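In the working numbering, the protein residues as written are 1298 to 1405.
All C-beta atoms, glycine included, are put in the ideal place defined by N, C-alpha and C.
From a predicted model like this one, the values you see are computed outputs, not experimental measurements.
Notes follow once the structure below has been shown.
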Amino acid sequence: MYSLIDYVYIVFDGDINKVYNNDPSKEFNDEEKAHILSIIGDMDIRLTSKFKSLNPSVWSNEGSLIYNTFNSKPKILKIIEAKKFFGIPNLKEKISTITNEIEATSDR
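What follows is the structure, given as C-alpha cells:
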C-alpha cells in the first residue's frame, strides 16, 4: 500500500527523486489524477477502517492519502464530486467522513 500511496504523491507533486523515466505528474491531466486518487484512496480508506482499532495513531484519517491530498489540493475533491466519485461504491460517504474530519480539525 505504501508504494501505491507514494505513487499518488508523485502523480500530484512530481518525481523529484527521478524514480520513473517519465514523470507521472506530467503524464496525467487533473481528471486522471483525481481518478487515480479515488481508486488508491478508496483502498487506503478501507484499510484505515479495518486496522484503526488496532493502532489509532498509525491508522487515522488525518494521516490518510485522501485527507492529505484534499488538504493540499482542494480542487481535486471538486473533480471527484463532478465525476460522481468515478462510480466507486460508497466513496461519497467515505470521503464525507474524511472531509468532516478536515473541517473539524481546521476549526481548532
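Report the option in the options whose CA atom is closest to the CA atom of residue i.
i	options	result
Ala1310	Thr1366, Lys1372, Gly1384, Ile1337	Residue 1310 is actually Asp in this sequence, not Ala. Minimum Cα distance to Asp1310 is reached at Thr1366.
Val1305	Phe1348, Lys1315, Ile1363	Ile1363
Ile1333	Val1308, Ser1361, Ala1379	Val1308
So, at 6 angstroms on beta carbons, what are the nonlocal neighbours of residue i in its own chain, with the 5 sequence-adjacent residues on each side left out?
i	result
Asp1339	Ile1385, Leu1388
Among residues of its own chain, excluding the 5 on either side of residue i, which ones have a beta-carbon nearer than 8 angstroms to its beta-carbon?
i	result
Phe1382	Ser1335, Leu1388, Lys1389, Ile1392
Leu1374	Phe1367, Ile1392, Thr1396
Within the present structure, is the beta-carbon of residue i separated from the nearest heavy atom of the ligand NAD by less than 6 angstroms?
i	result
Trp1356	The ligand NAD is not part of this structure, which contains no ligands at all.
Contact defined as beta carbons within less than 8 angstroms: I believe residue i pairs with residue j. What is the distance between those atoms, to the nearest angstrom?
i	j	result
Ile1302	Asp1341	6 angstroms
Asp1327	Asp1320	Not a contact, Cβ separation roughly 15 angstroms.
For residue i, I'd like the list of residues in its chain whose CB is within less than 7 angstroms of its CB, leaving aside the five on either flank, ordered along the chain.
i	result
Leu1344	Met1298
Ile1406	As shown, the chain starts at 1298 and ends at 1405. That puts residue 1406 outside it, with no answer to give.
Mind listing, in chain order, the continuous beta strand (DSSP E) runs of no fewer than 3 residues lying wholly within the region 1322-1404?
You should have found no qualifying run.
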